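Participant: Here it is: the structure, laid out below.
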Amino acid sequence: RSQLFLLVLRRASGDLKMPFVSFEHIAREWRCKFSSDADNASLMAAQAKLEDILAGLSSIEGVVSVQRIVCGGCLDFKVVTKLTKKAFEDWEKAGFAPESDFLSALKAIAGISNIETQTYTLEDVKMNKKDIKKAQEKKEKEQADKPKDEKPPEDPAKKLKKVIKEGGKRGVEIEGAADMGGLQFFCTSVDEPEGDVTLLVESVKAMNAKSDPSEEERKGGSGHIGKMVFSAGTSQLAIVAYVPEEKQGELVCEEWLAKVVGVHAGGKVLKAGKDYSTGCIPTDADKGVFPLKIREGLILEANNFLRGKGLFPEDNGDSDDDMVFGDDDFPSA
Numbered sequence: 013r014s015q016l017f018l019l020v021l022r023r024a025s026g027d028l029k030m031p032f033v034s035f036e037h038i039a040r041e042w043r044c045k046f047s048s049d050a051d052n053a054s055l056m057a058a059q060a061k062l063e064d065i066l067a068g069l070s071s072i073e074g075v076v077s078v079q080r081i082v083c084g085g086c087l088d089f090k091v092v093t094k095l096t097k098k099a100f101e102d103w104e105k106a107g108f109a110p111e112s113d114f115l116s117a118l119k120a121i122a123g124i125s126n127i128e129t130q131t132y133t134l135e136d137v138k139m140n141k142k143d144i145k146k147a148q149e150k151k152e153k154e155q156a157d158k159p160k161d162e163k164p165p166e167d168p169a170k171k172l173k174k175v176i177k178e179g180g181k182r183g184v185e186i187e188g189a190a191d192m193g194g195l196q197f198f199c200t201s202v203d204e205p206e207g208d209v210t211l212l213v214e215s216v217k218a219m220n221a222k223s224d225p226s227e228e229e230r231k232g233g234s235g236h237i238g239k240m241v242f243s244a245g246t247s248q249l250a251i252v253a254y255v256p257e258e259k260q261g262e263l264v265c266e267e268w269l270a271k272v273v274g275v276h277a278g279g280k281v282l283k284a285g286k287d288y289s290t291g292c293i294p295t296d297a298d299k300g301v302f303p304l305k306i307r308e309g310l311i312l313e314a315n316n317f318l319r320g321k322g323l324f325p326e327d328n329g330d331s332d333d334d335m336v337f338g339d340d341d342f343p344s345a
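When we follow the numbering used here, the leftmost residue of the sequence shown carries the number 13, and every step to the right adds one.
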């Protein structure tokens, strides 16, 4: 068992070149359980047997330390002998003497049980003052190099709650605005998903959720209105198109989305569905494609596609209202 252990460690330290398991010392542990009966008589007897062999054990060539561990809670008595690697190999060939005699002596003590041995590496990893200073300076430098405006990651559950809350409110506002304007379809943007397509889908679902009239604050209620919703993040503009079942004969959800994401190179449909379709347009600084910059123009593109199918009011040029709805159009957003 010990030879196999050493073989594994040699491979880990040498052949595989894994510095985090490198070692220079190996320890042999002898352990047992003692009884607390008779004022810990078995513990006292075990200590006496250790004292009998301690001088000889300590004088073995290559011994770095001999430690005794006693736990009054779990009733453990342990002796740990640490040697250099080369010395341990020599000691192993000698049968770990005086191990056999010591363990036999423990077995003869009334109240001693669970006698075992174990081999493992044992290294002192405490840093000296010089290394401590270097580690602290490295950490301080890493902290100083971090962007000042870097925000810690937000708890996913809290983030989802914010997304759903914003979506629920926007649903009520869409319902009201669409009813006043006689609209069947509506295009807008939200902030909380921050360009995350999955979160944007949850936002749109919150918009479409049935309103509960008994609730103090209404949420959702716009499931009967088709919509395309945009959310700008740093790396992409996320887009979700939704077409309710009763309007799917008039408008193909995927076709509508494909028209919009195709305006910019790199835009793509991620998932096509009859009711929900998702897509995104990645940021491309070289081509001047930035989510916030292109968002309003794409809302117009989405509306124009609807106009071409007679599903959105015509812009006759007599009004300054271009029918683009963003965050600023909803006071509660």
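Ideal Cβ positions, reconstructed from N, Cα and C, are used throughout, including at glycine.
Since we're looking at a predicted model, the values are computed, not measured.
#1: Measuring CB to CB, does H37 end up less than 8 Å from T129?
#2: Let me see if you follow: with CB-CB separation under 8 Å, is A169 close to chain B or not?
#3: Where does the unbroken beta strand (DSSP E) through S125 begin, and where does it stop?
#4: Which whole-angstrom value is the C-beta distance of A221 and G180, which I expect to be below 8 Å?
#5: Please state if the CB of F108 and the CB of R40 are separated by a distance shorter than 8 Å.
#6: Figure out for me which residue from L118, I237 and E154 has the closest Cα to the Cα of H64.
#7: Looking at V252 and V213, is the spacing between their C-beta atoms short of 8 Å?
#8: For F100 and F46, which I take to be in contact (beta-carbon distance under 8 Å), what is that distance rounded to the nearest angstrom?
#9: From G285 to V137, what distance separates their C-alpha atoms?
#10: From S116, I81 and R319, pick the residue whose C-alpha is nearest to that of C199; which is it?
#11: Comparing C-alpha positions only, which one of S77, E185 and S215 sits nearest to L134?
#12: To the nearest angstrom, how far is the alpha carbon of K170 from that of V301?
#13: If we ignore side chains and look at the alpha-carbon of each, how far apart do G245 and K174 end up?
#14: Can you say whether D27 is buried or exposed, counting buried as having 16 or more other CB atoms within 10 angstroms of its CB?
#15: Quick one, which of E206, I237, V241 and V273 has its alpha-carbon nearest P256's?
#16: Does the distance from the CB of G261 to the CB of A218 come in under 8 Å?
#17: Applying the criterion that 16 or more other CB atoms from any shown protein chain within 10 Å of the CB defines a buried residue, is V303 buried or exposed?
#18: Return the chain-ordered list of same chain residues with a C-beta closer than 7 Å to the C-beta of R230, the five sequence neighbours on each side being excluded.
#19: Give me the DSSP bridge partner(s) of A189.
Facilitator: Based on what the coordinates show:
#1: Sequence index remark: in the sequence shown, residue 37 carries index 25 (1-based). Sequence index remark: in the sequence shown, residue 129 carries index 117 (1-based). Result no, Cβ atoms of H37 and T129 do not sit closer than 8 Å.
#2: Looking at the structure shown, chain B is missing, and only one protein chain is on hand.
#3: Counted from its first residue, the sequence shown places residue 125 at position 113. Counting along the chain, the beta strand (DSSP E) containing S125 begins and ends at S125 to T133.
#4: As a first step, residue 221 must be located in the sequence shown, where it is residue number 209. As a first step, residue 180 must be located in the sequence shown, where it is residue number 168. Confirmed, Cβ separation roughly 7 Å.
#5: Taking the first residue of the sequence shown as 1, we reach residue 40 at position 28. Taking the first residue of the sequence shown as 1, we reach residue 108 at position 96. The answer is yes: Cβ separation under 8 Å.
#6: Numbered from 1 along the sequence shown, position 52 holds the residue referred to as residue 64. Sequence check: residue 64 is Asp here, not His. Ranking L118, I237 and E154 by Cα distance to D64 puts L118 first.
#7: Within the sequence shown, residue 213 is the residue found at index 201, counting from 1. Within the sequence shown, residue 252 is the residue found at index 240, counting from 1. Contact: yes.
#8: Locating residue 100 in the sequence shown gives position 88, counting from the first residue. Locating residue 46 in the sequence shown gives position 34, counting from the first residue. Actually they are not in contact, since the Cβ atoms of F100 and F46 sit about 27 Å apart, beyond 8 Å.
#9: Mapped onto the sequence shown, residue 285 falls at position 273. Mapped onto the sequence shown, residue 137 falls at position 125. Those two C-alpha atoms are separated by around 58 Å.
#10: As a first step, residue 199 must be located in the sequence shown, where it is residue number 187. Nearest of S116, I81 and R319 to C199, Cα basis: R319.
#11: For the purposes of this step, residue 134 is taken as residue 122 along the sequence shown, with counting starting at 1. Of the listed residues, the one whose Cα sits closest to L134 is S77.
#12: Counting from one through the sequence shown, the residue named residue 170 turns up at place 158. Counting from one through the sequence shown, the residue named residue 301 turns up at place 289. The alpha-carbon atoms of K170 and V301 are separated by roughly 30 Å.
#13: Looking up residue 245 in the sequence shown gives position 233. Looking up residue 174 in the sequence shown gives position 162. Spanning the two alpha carbons is a distance of roughly 16 Å.
#14: Position 15 of the sequence shown, counting from 1, holds the residue named residue 27. Note on D27: pLDDT 42, under 50, position unreliable in the model; no value is reported.
#15: Here the question's residue 256 lines up with position 244 in the sequence shown. The option with the nearest alpha carbon to P256 is I237.
#16: Numbered from its first residue, the sequence shown carries residue 261 at position 249. Numbered from its first residue, the sequence shown carries residue 218 at position 206. Cβ distance not < 8 Å, so G261 and A218 don't count as in contact.
#17: As a working note, residue 303 is residue 291 in the sequence shown. The identity of residue 303 in the sequence shown is Pro, whereas the question assumes Val. The residue is buried, with at least 16 neighbouring Cβ atoms inside 10 Å.
#18: The residue you call residue 230 lines up with position 218 of the sequence shown. Counting only Cβ-Cβ distances below 7 Å, and skipping sequence neighbours, we find V184 and S223.
#19: The residue labelled residue 189 in the question sits at position 177 within the sequence shown. Looking at the DSSP assignment, A189 forms no beta bridge with any residue, so it has no partner.
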